[in-house]
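Heads up: the structure comes next, in structure tokens.
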Amino acid sequence: MNPLISAASVIAAGLAVGLASIGPGVGQGTAAGQAVEGIARQPEAEGKIRDNRKQRILNTIRNSEELRKKTIEQLERARDRLRKVEIETDEYRINGYSEIEREKANLINATYESLERLENYKNETLHFEQQRAINKVRQRVFQEALQGALGTLNSCLNSDLHFRTISANIAILGAMEEIID
Numbered sequence: 001m002n003p004l005i006s007a008a009s010v011i012a013a014g015l016a017v018g019l020a021s022i023g024p025g026v027g028q029g030t031a032a033g034q035a036v037e038g039i040a041r042q043p044e045a046e047g048k049i050r051d052n053r054k055q056r057i058l059n060t061i062r063n064s065e066e067l068r069k070k071t072i073e074q075l076e077r078a079r080d081r082l083r084k085v086e087i088e089t090d091e092y093r094i095n096g097y098s099e100i101e102r103e104k105a106n107l108i109n110a111t112y113e114s115l116e117r118l119e120n121y122k123n124e125t126l127h128f129e130q131q132r133a134i135n136k137v138r139q140r141v142f143q144e145a146l147q148g149a150l151g152t153l154n155s156c157l158n159s160d161l162h163f164r165t166i167s168a169n170i171a172i173l174g175a176m177e178e179i180i181d
């Protein structure tokens, strides 16, 4: 049991018993005071007043005993309720811890799944970037090859064209020589 709750229970019981005994004490004091006043006013009624006073004291004692029993019963009911509340508190605490552990496990699993997705995304991105870089290199190599082929083709065409032009010029010069001769 929690020490604070135990201390509060003891204090509450003490207050309940103390308050229950104050009422009868005040009642007895009042009854005794009125009895003395009555005897002072009518000394011949002393026996009757004393009997009456004894009756009042006995009634007060009975009332205080009944109040004490009711107070003890209420205290026992309060202790029973306190025990029930402590049991419920323990159950809530256990269930709360279980719920917290369950949420913790769910969060850990969700984190692992997120990390897995991020890892897959990273790998896909790396693969995509590698393919893109390879494609750029291929494209550059292809462009360089095409430019080289065009250069070679142009140089070949220029030589052939140059050769044809020279041949044509020689043929023209040969034809002019025949005409001049």
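Under full-length UniProt numbering, the first residue of the sequence shown is numbered 1, with each subsequent residue one higher. The beta-carbon is built from N, C-alpha and C at its ideal position, and this holds for glycine as well. For clarity, every value in this text was computed on a predicted model and none was experimentally measured.
Helix, strand or coil at residue i [DSSP, three-state]
i: residue 55; result: helix
i: residue 130; result: helix
i: residue 34; result: helix
i: residue 42; result: coil
Pick from the options that is closest to residue i, judged by C-alpha positions
i: residue 75; options: 12, 151 and 147; result: 12
i: residue 34; options: 22, 54, 19 and 23; result: 54
i: residue 52; options: 174, 67 and 36; result: 36
i: residue 186; options: 72, 47 and 43; result: Missing from the structure shown is residue 186; the chain here goes from 1 to 181 and no further.
Neighbourhood of residue i by C-beta, 8 Å cutoff - its chain only, sequence neighbours within 5 removed
i: residue 5; result: 82 and 86
i: residue 78; result: 9 and 12
i: residue 187; result: Missing from the structure shown is residue 187; the chain here goes from 1 to 181 and no further.
Own chain residues within Cβ distance below 6 Å of residue i, not counting five before or after
i: residue 112; result: none
Own chain partners of residue i with C-beta closer than 7 Å, once the 5 adjacent residues on each side are dropped
i: residue 110; result: none
Segments of 3+ residues assigned as beta strand (DSSP E) that fall wholly inside the stretch 72-105: none
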